[in-house]
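Novice:
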Amino acid sequence: MSTVLHTPPQSPAPAPAADDLTALAARHGLSVSGARPSLPEYVRRLWARRHFITAFATAKLTAQYSQAKLGQVWQVMTPLLNAAVYYFIFGVLLGTKHGVPDYIPFLVTGVFIWTFTQSSIMAGTRAISGNLGLVRALHFPRAALPISFCLQQLQQLLFSMGALVVILLCFGVPVGVSWLLALPALFLQFTFNAGVSMIMARMGAKTPDIAQLMPFVLRTWMYVSGVMWSIDKLAENDSLPHAVKIALAANPAAVYIDLMRFALIDSFHASQLPAHVWALAAGWALVAGVGGFIYFWKAEETYGRG
Numbered sequence: 001m002s003t004v005l006h007t008p009p010q011s012p013a014p015a016p017a018a019d020d021l022t023a024l025a026a027r028h029g030l031s032v033s034g035a036r037p038s039l040p041e042y043v044r045r046l047w048a049r050r051h052f053i054t055a056f057a058t059a060k061l062t063a064q065y066s067q068a069k070l071g072q073v074w075q076v077m078t079p080l081l082n083a084a085v086y087y088f089i090f091g092v093l094l095g096t097k098h099g100v101p102d103y104i105p106f107l108v109t110g111v112f113i114w115t116f117t118q119s120s121i122m123a124g125t126r127a128i129s130g131n132l133g134l135v136r137a138l139h140f141p142r143a144a145l146p147i148s149f150c151l152q153q154l155q156q157l158l159f160s161m162g163a164l165v166v167i168l169l170c171f172g173v174p175v176g177v178s179w180l181l182a183l184p185a186l187f188l189q190f191t192f193n194a195g196v197s198m199i200m201a202r203m204g205a206k207t208p209d210i211a212q213l214m215p216f217v218l219r220t221w222m223y224v225s226g227v228m229w230s231i232d233k234l235a236e237n238d239s240l241p242h243a244v245k246i247a248l249a250a251n252p253a254a255v256y257i258d259l260m261r262f263a264l265i266d267s268f269h270a271s272q273l274p275a276h277v278w279a280l281a282a283g284w285a286l287v288a289g290v291g292g293f294i295y296f297w298k299a300e301e302t303y304g305r306g
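When you line the sequence shown up against UniProt numbering, it's residues 1 to 306, in that order.
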């Protein structure tokens with residue numbers, strides 16, 4: 001008769017605690033894959049990718065109209081055609097040109113500068129959600145994408161400025177030293193646009209449907225930014241509440257548009273600008289630029305996942 005020895009079943013070894021795993025990984029120099037770096041380190045990595053940012057922006061700009069027969073001419077034609085439509089509807093039919101000297105330079109400058117903000121924000125909204133293949137395939141600071149799209153729109157604006165200068169000269173606007181003020185105004189606007197684009201890029205990465213809503217939001221924003229009409233003339237209306245006048249004058253899009261008009265158009269005087277306009281423009285750029293960058297960085301490890 002055989003004797004069967006019964007051995008009690010062995011209980012599995014307890015799994016190592018999470019703290020033990022963390023300590024073990026730290027001891028061997030391991031880190032979480034795709035973990036968000038510190039803010040200074042993130043800025044350093046972004047600066048190291050500056051050549052990629054400029055090359056990506058230039059390549060996108062070149063390819064934008066590559067299928068069109070007129071090619072890069074559409075970079076100038078699109079805002080000019082928009083300006084022509086706005087001139088007919090607002091300037092002629094609604095009479096907003098009355099009392100505004102050099103209305104056509106006034107309008108074209110507003111359309112060109114507004115288009116820079118509008119296109120930057122729209123491109124930023126799709127910066128992550130529209131480039132998931134690139135985000136998932138390569139490791140780089142994701143802020144490079146919305147910044148490069150803003151740089152693309154700045155390059156397009158600078159290309160279009162040649163047509164704007166021709167229009168100004170054709171309508172008798174003289175070249176002046178004040179034209180140099182366009183450089184700091186564009187720098188502040190670019191910083192503001194990049195900050196808002198990064199905010200929208202993070203929101204668009206989580207909720208892609210925002211990209212469908214943004215055209216309506218931006219169209220409303222355009223109508224209250226004095227692109228086709230003078231905020232200064234509207235402020236003369238006593239029936240308008242004072243708070244509304246302040247809000248219209250402090251609107252960041254209107255601030256950058258009016259700064260460019262002040263720089264380029266001789267008949268647009270400093271009295272038509274809101275008080276402390278340069279401080280206001282710098283403040284909007286600082287708040288949007290720094291705030292948008294930090295807001296985007298805080299979700300760095302989530303982009304391209306899910």
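The C-beta atom is built at its ideal place from N, Cα and C for all residues, glycine as well.
#1: Identify which residue in 161, 156, 124 has its Cα closest to the Cα of residue 144.
#2: Enumerate in chain order the residues of its own chain whose CB-to-CB distance from residue 284 is below 6 Å, with the five nearest sequence positions on each side excluded.
#3: Suppose contacts are defined by Cβ-Cβ distances below 8 Å. Is residue 127 in contact with residue 108 by that definition?
#4: On the DSSP letters alone, give me the boundaries of the alpha helix (DSSP H) that residue 143 sits inside.
#5: Examine the Cβ distances between the segment 109-120 and the segment 226-234 and report whether three or more of them are shorter than 8 Å.
#6: Are at least three pairs of beta-carbons, each pair with one atom in the segment 158-172 and one in the segment 242-257, less than 8 Å apart?
#7: Is DSSP giving residue 31 helix, strand or coil here?
#8: For residue 171, which residues from the same chain have a beta carbon less than 8 Å from its beta carbon, with the 5 sequence-adjacent residues on both sides left out?
#9: Does the segment 239-247 come close enough to the segment 202-210 that 3 or more CB-CB pairs lie under 8 Å?
#10: Does the beta-carbon of residue 188 have 16 or more other beta-carbons within 10 angstroms, so that it is buried, or is it exposed?
#11: In this structure, does DSSP put residue 251 in helix, strand or coil?
#12: Comparing alpha-carbon positions, which option in 223, 180, 164, 147 lies nearest residue 52?
#13: Exposed or buried, residue 185, counting other C-beta atoms within 10 Å across all chains shown (16 or more means buried)?
#14: Grab me the residues of residue 266's own chain with a C-beta within less than 7 Å of its C-beta, minus the 5 sequence neighbours each way, in chain order.
#15: Quick check on residue 31: buried or exposed, where buried means 16 or more other Cβ atoms within 10 Å of its Cβ?
#16: DSSP three-state call for residue 224: helix, strand or coil?
#17: Can you have a look at residue 219 and say buried or exposed, based on whether 16 or more other CB atoms are within 10 angstroms of its CB?
#18: Please name the residue, chosen from 57, 91, 293, 76, that lies closest to residue 199 on a Cα-to-Cα basis.
Specialist: On the basis of the supplied data:
#1: Translated into the one-based positions of the sequence shown, residue 144 becomes position 144. Taking the Cα of residue 144 as reference, the smallest distance to any Cα among 161, 156, 124 is reached at 124.
#2: Here residue 284 refers to the residue found at position 284 of the sequence shown. Excluding positions up to five away in sequence, the list reads 192, 252.
#3: Reading the sequence shown from its first residue, position 127 is the one you call residue 127. Reading the sequence shown from its first residue, position 108 is the one you call residue 108. The Cβ atoms of residue 127 and residue 108 lie no closer than 8 Å to each other.
#4: Here residue 143 refers to the residue found at position 143 when the sequence shown is read from its first residue. For residue 143, there is no enclosing alpha helix (DSSP H), as DSSP gives it neither H nor E.
#5: With a cut-off of 8 Å, the segment 226-234 and the segment 109-120 count as touching, because enough Cβ pairs lie within range.
#6: With a cut-off of 8 Å, the segment 242-257 and the segment 158-172 do not count as touching, because too few Cβ pairs lie within range.
#7: Position 31 of the sequence shown, counting from 1, holds the residue named residue 31. Any reading at residue 31 is ruled out, since the residue's pLDDT is 49, under 50, leaving its predicted position unreliable.
#8: Mapped onto the sequence shown, residue 171 falls at position 171. Closer than 8 Å at Cβ, skipping near neighbours: 102, 104, 105.
#9: Under the Cβ criterion (8 Å, minimum of three pairs), the segment 202-210 does not count as touching the segment 239-247.
#10: Mapped onto the sequence shown, residue 188 falls at position 188. Classification for residue 188: buried.
#11: Within the sequence shown, residue 251 is the residue found at index 251, counting from 1. Reduced to three states, the DSSP call for residue 251 is coil.
#12: Taking the first residue of the sequence shown as position 1, residue 52 is located at position 52. It is 147.
#13: In the sequence shown, the residue the question calls residue 185 occupies position 185. With at least 16 other beta carbons inside 10 angstroms of its own, residue 185 counts as buried.
#14: Looking up residue 266 in the sequence shown gives position 266. Cβ-Cβ distances below 7 Å link residue 266 to 173, 174, 176 in the same chain, with the five nearest sequence neighbours on each side left out; the list follows chain order.
#15: Residue 31 sits at position 31 when you count from the first residue of the sequence shown. Low per-residue confidence applies at residue 31: pLDDT is 49, beneath 50, and the placement is therefore not dependable, though the value from the model is reported in the following sentence. Only exposed fits residue 31, as fewer than 16 other CB atoms lie within 10 angstroms of its CB.
#16: Here residue 224 corresponds to residue number 224 of the sequence shown, with the count starting at 1. It is coil, neither helix nor strand.
#17: Translated into the one-based positions of the sequence shown, residue 219 becomes position 219. Exposed, because fewer than 16 other Cβ atoms sit within 10 Å of the Cβ of residue 219.
#18: Within the sequence shown, the letter at position 199 stands for residue 199. The closest CA to that of residue 199, considering only 57, 91, 293, 76, is found on 293.
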